[in-house]
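Chains as they are written, first to last, in numbering that gives the first Met the number 0: chain A, 0 to 291; chain B, 0 to 305; chain C, 0 to 404. Below is one structure, written out as C-alpha cells; the observations come after it.
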Amino acid sequence: MNVAITPTMIGQVIISGLLAGALYSMVALGLALIYGVMRVINIAHGTLLMLGAYTTFWWFRLLGINPYLSLLVALPLMFLLGMLLQRTLVTRVVDAPELSSLLLTFGISIALVNVAQLAFTSDVRSVEFLTGAFLVGPFALSKSRLVSFAFAVVITVLAFWFLQKTKLGKAIRATSQSSEVAMVCGINVQRIHLYAFGIASALAAAGGSLVAVIVAIQPEMGTVYTFKSFLVIVLGGAGNYPGALLGGMLLGLVEQLSSLFLTTQVSEAVAYVLLVLVLLLRPTGLLGGRAR
Amino acid sequence: MRWAILAALPIGLLLLALYPMVATGYGIQFMLQLFMWVALAQSWNLISGLTGYVSFGHVAFFGTGAYGAAILVSKHAWHWVPASLMGGVAAVVLALIIGYPCLRLKGPYFAIAMLGLNEVMRVLVSYFEGLTGGGSGLSLPTLHASRQVYYGMGLAALAITGVAHILITSRVGLRFMTIREDEIAAEAMGINTARYKLFAFLLSAFVPGVVGGLYARDQGYIEPISVFPLLTTVTMIVMALFGGKGTIWGPVLGAVTLFIFQELVWARFLYLHQVLFGAIIVVVVLLMPKGILGILQERYRLPRWV
Amino acid sequence: MKILAHVSRRGIGPWAAALAVAVGVGSWSPPAAAQAPIKIGASLSLTGTYAALGQNQQRGYQLCAKHMNEKGGVLGRKIEFVLYDDQSQPATGVRLYEKLITQDKVDVVMGPYSSAITEAVANVTEKYKMPMVAPMASTTSIFKKGRKFAFMVQSPAEVYLEGLLDVAAKRGLKTAAFVYEDTLFPKATVTAPGGSVDIAKKKGLQVVFVEAYPKGNTDFSAIMTKLRAANPDVLGAATYFDDAVAITRQMKELNVNPKMYGVTVGGDLPTFYQLLGKNAEYVYGATQWEAELPYPGAQEFLAAHSREFPGVVISYHSAGGYGGCQVLVEAIKRAGSLDGEKIREAILKIDMNTVYGAFKVDADGFQVSHKMVMFQWQEGKKVIVWPDELAAGKARFPTPPWNQR
C-alpha cells in the first residue's frame, strides 16, 4: 500500500532535506578540520555531538530557558573538552600509523558513550521547546528544524569567515595543505592541532545542541552522525572545506528523496551505497580533494 | 620451555574435548561462547592485526553467516553443519563485494566503509524480509545440539588459530606485515597489495561466518539487532588488541582473559563493562600497542610462533 | 602488568589453573535441600533498552512472592525468586536460563521481558521440559510452534489496535493507515494474519498506506509526507516508546491530521504525556491493563505496591508479573507437586481472574481470554474508552487538526 508521489510531496521532502543538510554540513566541517589538519579520523565525532545534545537537554531541564541559548555554554565547553582530548590523547597518535588513530578515537568513543549511559541513563530524553510548523502554502516547515537550520547556517558562515579571514584560520588552512611548509613558515603546528580539534568539537557539539530540539536524545545517538559526517567528507572531498558544505546538503537531499521514493528503511542503505560508489568512482570527492 | 608449551597444547586440547562429559549445560554454553570469541578475535587479527586495515564492521560477517545458515536450516531443511559452512561462504561473498572496491583505497577509507557496514546489513536483512523474516527474526526448528556446537566452535577456533600460525610464520604473513608497516614501500617492492589485502580480508571473513551459523543453531532464534550489534565488533577488537594483534596467540590470550573476567565480574554491569572496554582500547593503543603478548615477546624474546 | 610477568615465568601452569577454575565454576551445582523454598527462576531486563520495563516486572514478581509467602506459601513451602539481569539481550537470557535450570536447579521458571527474549529462552525451557509462564510476551508465533511448556498471559500483538479500529468503524470512518517499527512485536501487530490490516479490512475500512521504519529511526519526515498525501481517517502506529513520541511530534511538524490516531506500546506511560504535554491530547493508546479496571485483588495490589515501592508509578508490567506469578502458584497448588508435566496439565485447565485480568490458554499455551482496553489522553488523564463494558468515559472524537487546538 503506497501513495502516488506528487510534486508537492517532492517539494516537501526537498525542504526537509535542505533543513537537515545544513546540520550535516556544519558537523562534517568539524570532522573535515580534524582530518585535514591532523590526518586523524575522529570516530568519536558523533560522541561529541551527543555530549552537546545532553548539555542542551540539562540546560533546558534545569534552567528552563530557551534551549538555543545553551549554545553559549555548549560551544565553549566542548571546545575545551576537545582541546583536552587532543592534548592528552590524540596528539600521541597524530604521527602514528592510521590504525592507531582510528582505534584510539574508537576507544574514546566507546568509553564516552557508556559513561554517558551511566551518567544520564539510557532513558530517552527530549527537549520540547518548539513544536509544530509554519504552514506555507502546501508545505509545512517544522519550526524546530527551521530555527536549527538558521543557527547552523550562521555558525557555518562564521566558521568559514574565521577560516578565510582570520590569521588563525589561515594558519589552519595552511597546515591542512602541508604541515611541513606551515612549520617552516613559523606556524606552531602543535597549537594548530589543539585549536582545530577544539573548534571541531565545538562544531559537533553545536550540531548536537541544535538537533536536541528536534530528535530524541540518548547516549548512542551520535554513531549515525559520525558515519554521516564521513559520508559528507567523502562526497565533498577530503580536506576540502567548501566540499563539506555541498556534501552535507547533498546527503540531506538524497536521504529524504530515497525515503520518499523507496522506504525509510532503505534510505539508510542508500547512503551507504552512495559512499561505496563515490569511493569507487571518484575517491577524491565530487568537488575534488586530496588524492588519496 | 619449548617442550612445555608443545606438550601442554595437545593435553589442553584433550581436556577441552573431554569437558562436555562432565559439564553442566551452563558450563558448555560458557566454553562454547569462549571458543566463539577466540575465533572472532583471531579472525579480526588476520585482517586488522596483520595488514593494518582496521575492520570496524566485522560483525557483518558474523551476522551474514548466521542468517545464511539459519535460512538454509529453517527453509531448506539443511543440516546445520553444512549450513554453517555455507554461512562462512556467504560471509566471504560479502567480503568480496565490499573488499574488492574498498581495499583498493587506503586505510582510512576502508575503515569508514566498514564502519557503516553492520547497519547496512541490518537494513538489508529487514528489507528482504520474505527471505529473512525481517524484523520478526528467524527461528530454527528446535534441536538441542549444544554439545555438538561446542565442538564446532572449538574446531573453528582451532582452525583459525592454525591458519594464523601458518600465515604469520610464512612469507605471506611477512608480506601482510609489510603492507601494514609501509604500504607504499610494499608496492614499490612489487607486492600486489590489493591482492594480498583482499586475500587477508576474505580469509578473515570466513570463520566469523561459520561461527555465526553455529551461533544461530545454538540460539535457535535470531533477529537483525542481535546478530549485527556493534558491541560484537568492539569486543573482538578489544580482545585482539589486548592480547596482542599481529601475533598468533595474542587474540587467544585476549579472548580468554577478557571473556572470563567479563563473565565473572563485569557482565553484571553492562555500561561499566563497555566503558572499561573503551578505556582498554585507549590504553593499549597508547601504552602497549603490541598487547600483552607483544610485551612478553619483547621482554622474554619469545619466538614468533608463540 | 607485574602479575602477568610473574605468571609467564612459571609457564602455562597458571593458565591451566584459570581454565580449571572456569571449568569448576561451570560444573559446580549447589547441594539440594529438603524444606528449602521453592525456587522460581527468571531473567529480567534490568539494564539495557528495556530496563525501565524489566524493573517494573521485577517489582511484580517480588510483590507476588511476598504476598504468597504471607499466606503460607505453596505446598507448605515458601517461594523465592532467583533473578538475573539479561541486559535486554536474547543471547544473555538464553545463557541465564541454562544457568538457572542446570546450575541453580530452580524448580520452575517465569518469563523475561519482551517477545524477542521470551522466544529465545523458550527454546531452553522447552529443552528441559520446564513450564514457563511468560507474562510479557505478546507475539502469537512464540506459542504456536508446537511448544508444550510455554504459556502466554497477555493478549496477542494482533489485537492491539482492535479498539482503535472498532471505534473508527463505528464512527463511520473510511480509510486507515499503519506505520510500525520493523521488529517482531510491532510487525506482528500490523502485518500478521489477524493483525491490524486484516482487522481493518474486516471492519470495512480501506487501508491506504502501510510502511515500516527501522528500529531506532528518528526522522519520520518522509513517512509523514506520504501520510499527508494519503490522508487516512485513522492512523495506527505500532510502536515502542521513543518512536511513539517522535511520531506524535513529527505529525504536528508536518501537519498530519487524521481523525483518530493511536499508538500501541509507550502511549500509556506517564512520561509520554510529560514529554509531549498538550500534544499528547487526543492520542489513543492500547493497554493490557490499567489500574482502574475492576479485576479481583487489583485494588489491594495497588495499595500494596505503593506501600512497598513508594513513589513508583505502577504499570502493567508489574501487574502482569504479579498476575503471571499468581497463575503459576495456582498451577503448582493444583498439581500438588513440582513435576513439570503435572504443572503443565494444571495450567492448561486453569480459567481464572488475576489482578491482571482473565487467564485461560488453549492447548498450545496461547492466551484466549485476556482482554485489552483502549484509552485516550484527555486533559492529562488516561480515560478508558473501549470496550464499552469497561469504558469510563466517551472518546473525544474526531481529533481536531493541529492548528485548531
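Every residue gets a Cβ at the ideal spot worked out from N, C-alpha and C, and that includes glycine.
Put simply, the CB of Arg-86 of chain A is far from chain B, with every gap to its CB atoms at 7 angstroms or more. Within the segment 201-255 of chain C, the beta strand (DSSP E) runs of at least 3 residues that lie entirely inside it are, in chain order, 205-212, 233-237.
Collapsing the DSSP output to three states places Met-129 of chain C in coil. Of the residues assessed, Asn-278 of chain C falls on the buried side of the cut-off, its CB having 16 or more other CB atoms within 10 angstroms. Counting other Cβ atoms within 10 Å of its Cβ, Cys-101 of chain B reaches 16 or more and is therefore classed as buried.
Within chain A, the residues placing a beta-carbon under 7 angstroms from that of Tyr-212 of chain C are Thr-263, Gln-264, ordered along the chain. Identification of residues in the segment 104-116 of chain B having a C-beta nearer than 7 angstroms to some C-beta of chain A yields Leu-104, Lys-105, Gly-106, Pro-107, Tyr-108, Ala-110, Ile-111, Ala-112, Leu-114, Gly-115, given in sequence order. Around the beta-carbon of Phe-78 of chain A, 16 or more other beta-carbon atoms lie within 10 Å, marking it buried. Within the segment 93-113 of chain A, the residues whose Cβ lies closer than 8 angstroms to any Cβ of chain B are, in chain order, Pro-96, Glu-97, Leu-98, Ser-99, Leu-101, Leu-102, Leu-103, Phe-105, Gly-106, Ile-107, Ser-108, Ile-109, Ala-110, Leu-111, Val-112, Asn-113.
Contact check for Phe-80 of chain C against Ala-90 of chain C fails: the beta carbons are separated by 7 angstroms or more. Residue contact check for Asp-197 of chain C against chain A: no CB pair falls below 7 angstroms. Taking 7 angstroms as the CB threshold, Leu-8 of chain B stays off the interface with chain A.
For Gly-161 of chain B, the enclosing alpha helix (DSSP H) has its first and last residue at 145-167.
A Cβ of chain B is located within less than 7 angstroms of the beta carbon of Arg-94 of chain C.
Interface annotation, Thr-217 of chain C: not in contact with chain B, CB-CB separation never under 7 angstroms.
Beta-carbon to beta-carbon, Arg-194 of chain B and Thr-50 of chain B are separated by about 12 angstroms, too far to satisfy the 8 angstroms threshold.
Here the alpha carbon of Leu-5 of chain B sits roughly 37 angstroms from the alpha carbon of Val-274 of chain B. At a cut-off of 7 angstroms between C-beta atoms, Leu-52 of chain C does not count as an interface residue with respect to chain B. For Pro-231 of chain C, the CB contacts under 7 angstroms within the same chain, skipping 5 residues up- and downstream, are Thr-174, Ala-175, Ala-176, Val-207, Phe-208, Pro-257 in chain order. Inside the segment 217-269 of chain A, DSSP marks whole alpha helix (DSSP H) runs of 4 or more residues at positions 221-235, 240-260, from first to last along the chain. With a beta-carbon spacing of about 7 angstroms, Ala-94 of chain B and Phe-60 of chain B fall inside the 8 angstroms limit used to define contacts.
Contact check between the segment 227-245 of chain B and the segment 75-88 of chain B: fewer than three CB pairs, one atom from each, fall below 8 angstroms, which does not count as touching. Within the same chain, Cβ atoms closer than 6 angstroms to the Cβ of Leu-111 of chain A are found at Thr-46, the five residues on either side in sequence being excluded. Residue pairing by DSSP puts Phe-374 of chain C in a beta bridge opposite C:Gly-284, C:Ile-383.
Val-188 of chain A and Phe-196 of chain A have their alpha carbons spaced roughly 12 angstroms apart.
Arg-124 of chain A carries a strand assignment under DSSP once its states are collapsed to helix, strand and coil. The beta-carbon separation of Gln-41 of chain B and Ala-199 of chain B, rounded to 13 angstroms, does not stay under the 8 angstroms limit for a contact. When Cβ pairs closer than 8 angstroms are counted between the two stretches, the segment 192-199 of chain C is seen not to touch the segment 230-244 of chain A, the count staying below three.
Note that the C-beta distance between Gln-153 of chain C and Tyr-112 of chain C is not below 7 angstroms. Within the same chain, Ala-357, Lys-359 come within 6 angstroms of Ser-368 of chain C by CB-CB distance, once the 5 residues on both sides are set aside. Contacts between Pro-89 of chain C and chain B, judged by CB atoms closer than 8 angstroms, involve Gln-218, Tyr-220, Glu-222, Ser-225 in chain order. Interface residue (Cβ-Cβ distance to chain C less than 7 angstroms): Thr-23 of chain B is classified as such. At a cut-off of 7 angstroms, the C-beta of Ile-216 of chain A has no neighbouring C-beta in chain B. For Ile-33 of chain A, none of the residues of chain B pass the 9 angstroms Cβ criterion, the least Cβ distance being about 12 angstroms. With fewer than three CB-CB distances shorter than 8 angstroms, the segment 47-64 of chain A does not count as touching the segment 239-247 of chain A. At a C-beta separation below 9 angstroms, His-57 of chain B has no neighbours in chain C, since its nearest C-beta there lies roughly 17 angstroms away.
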